[in-house]
């Protein structure tokens, strides 16, 4: 059994050296800080898969509002159905299937639109309306208090424009802002 | 780029009348790096504890407690991510793709259990891996899997490992994570298919010991190989084996090798011929399997998003309108179709290469298995199989030597050796 033990030792040390070499090769590229998943809102096509493809029961993707881009329109195409009966807050006029957007009057003729995040399911219906006919201030982001940071994001796997990628944990959001539009 | 506006359609208002202040974003932050590093510390501490419990303290009860902790912490609290099983895919992608940034946490999760396996055997599997610990906890009435079936099914993890490496290294996705049966249970949500797989495997695991670990887990296969040459090993008896056979039936995972008796010389000659045949078969097997791997790789490439998109674009251009979201979106971006085809070709070539390597790997595994089956090894004692033993410590208390060491009552008629 002596000979067998010797060979085992040789293989063991060779494997250890191999692993060490691999570690040295990788550690130079390795980042001390981790990464998290985030959507690039400029690439997003509002396909609606974020609402259904997340591993969580309630998707970690929510709509957020970039107020400095918003036109504060009275007829908001992210808030109202395409041809609303009336421009009021009645449910049949609202685009959001869960009524997660609420608006408050600021000054004539401006309204402020805010998102009630627990209600938002990330379906991007409002994002689509706002991007097509408005300023595109409503956009989707992955909320990191909900996201479990899967090794491979199951939404990213099926995202048509490949808009979801890993970002450094220090900059976990890619909010839209007015500066980027000009 | 889609959605990009040269200037806003409706200029944002000034609010001169009311002086309204614009609200900002609410920014829920991800887990801090400190907590990420805590995971690494917990992993290393659990590995050390598991090694100490199996090799030195020899306590099944301690391992069960550690297992429950692992299921709660790595499973239900951390929601199963990041885990060591999945992290080998990140490492494979990191090795293949130089631009891929690999977090240090993932690197440690992938390599630490391997290093521990080289030193102490599969202590990670025993009670640190939440998947293994969960299956260990539900095992109530183990049945013995027939030898031929066991040997056959044990080839699946190596094949799975090879396939997972193809997909990870070519950037085609992480299939180990995608088809992980237990992570859905830890998260209490997931696809119907994977939830039912998880529940099914747990139900099976009540009677067949650790079905995922033995017959599916690709990381277990890797750890088994490392454990084969480990520095220290799990020993059933703390002292000398007295051939009492009391431990023979105790392993629910079929990992105890029996002591061999002398065989007649005629069988030995037969075995030698068989061994020679198997060694000669190996190069043939490698050639065939390598070729077949290349073909399979080309087919598997269609799962990659670039290749898939290119094929769909090719099918539709000038013939069918874009009814599929991915192709419609691709056309809206206005990217060049030629460069898409070129990219797809590069990806497919990578798949073919990776497929060939995977084929060679599978041939080596199958050939190696045939050769080891043909080798008749003399064994004087009952001992735990280096590759298969997952260090659960169930067999320890069946050894009379162990009972003597602990000062517990010894079954009548059990042969004993004086402690050396």
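Residue numbers (my numbering), protein chains in the order written: chain A, 95 to 276; chain B, 1100 to 1519. By construction, the Cβ of each residue, glycine as well, lies at the ideal position given by its N, Cα and C atoms.
Non-local beta-carbon contacts of residue 1161 of chain B in its own chain, meaning distances under 7 Å to residues more than five positions away in sequence, involve 1152 in chain order. Proximity to residue 257 of chain A across A/159, A/142, A/242, A/165 peaks at A/142, based on C-alpha coordinates.
Rounded to the nearest angstrom, the Cβ distance from residue 1275 of chain B to residue 1184 of chain B is 6 Å, consistent with a contact under 8 Å. Taking residue 1210 of chain B as reference, the option from A/110, A/264, A/127 with the minimal CA-CA separation is A/110. Using a CB distance cut-off of 8 Å, residue 161 of chain A counts as an interface residue toward chain B. Here residue 1513 of chain B carries a coil assignment [DSSP, helix/strand/coil]. Interface residue (Cβ-Cβ distance to chain A less than 8 Å): residue 1439 of chain B is not classified as such. Residues of chain B whose Cβ lies closer than 8 Å to the Cβ of residue 129 of chain A are, in chain order, 1200, 1202. Taking a cut-off of 8 Å on C-beta distances, the segment 1341-1357 of chain B touches the segment 1509-1516 of chain B, as three or more cross pairs fall below it. Within chain A, 242, 243, 244, 245 have C-beta atoms less than 7 Å from the C-beta of residue 1180 of chain B, given in sequence order.
In this structure, the straight-line span from the alpha carbon of residue 1332 of chain B to that of residue 1491 of chain B is close to 13 Å. Here residue 1229 of chain B is buried. Its C-beta has 16 or more other C-beta atoms within 10 Å.
When secondary structure is reduced to three states using DSSP, residue 1390 of chain B falls in the helix class. DSSP places residue 1499 of chain B outside any beta strand (DSSP E); the residue lies instead in the alpha helix (DSSP H), whose first and last residues are 1499-1505.
Cβ contact annotation for residue 1389 of chain B (same chain, cutoff 6 Å, sequence separation greater than five): 1455, 1458, 1459, in chain order. The criterion of a C-beta distance shorter than 8 Å is not satisfied by residue 1114 of chain B and residue 273 of chain A.
Apart from sequence neighbours up to five positions away, the residues of its chain that approach residue 255 of chain A with a beta-carbon distance below 6 Å are 137, 139, ordered along the chain.
In its chain, beyond the 5 residues on either side, 1272, 1274 have a beta carbon closer than 6 Å to the beta carbon of residue 1266 of chain B. Between the segment 156-164 of chain A and the segment 1233-1242 of chain B, the count of C-beta pairs closer than 8 Å stays below three; the two stretches do not touch. By the rule that beta-carbons nearer than 8 Å mark a contact, residue 158 of chain A touches chain B.
If you draw a straight line from the Cα of residue 1301 of chain B to the Cα of residue 1349 of chain B, it comes to about 21 Å.
For residue 229 of chain A, the three-state secondary structure derived from DSSP is coil. Shown here, residue 1223 of chain B sits in a helix according to DSSP, grouped into three states. For the segment 1303-1316 of chain B, there are no residues whose beta carbon sits under 7 Å from a beta carbon of chain A. Residue environment analysis places residue 1144 of chain B among the exposed positions, since fewer than 16 neighbouring C-beta atoms fall within 10 angstroms of its C-beta. In the structure shown, the three-state DSSP call for residue 1155 of chain B is helix.
In this structure, residue 1188 of chain B places its C-beta atom within 8 Å of the C-beta atom of residue 1263 of chain B. Nearest to residue 1408 of chain B by alpha-carbon distance, out of B/1494, B/1438, B/1206, is B/1438. Secondary-structure assignment with DSSP links residue 1478 of chain B through no beta bridge to anything.
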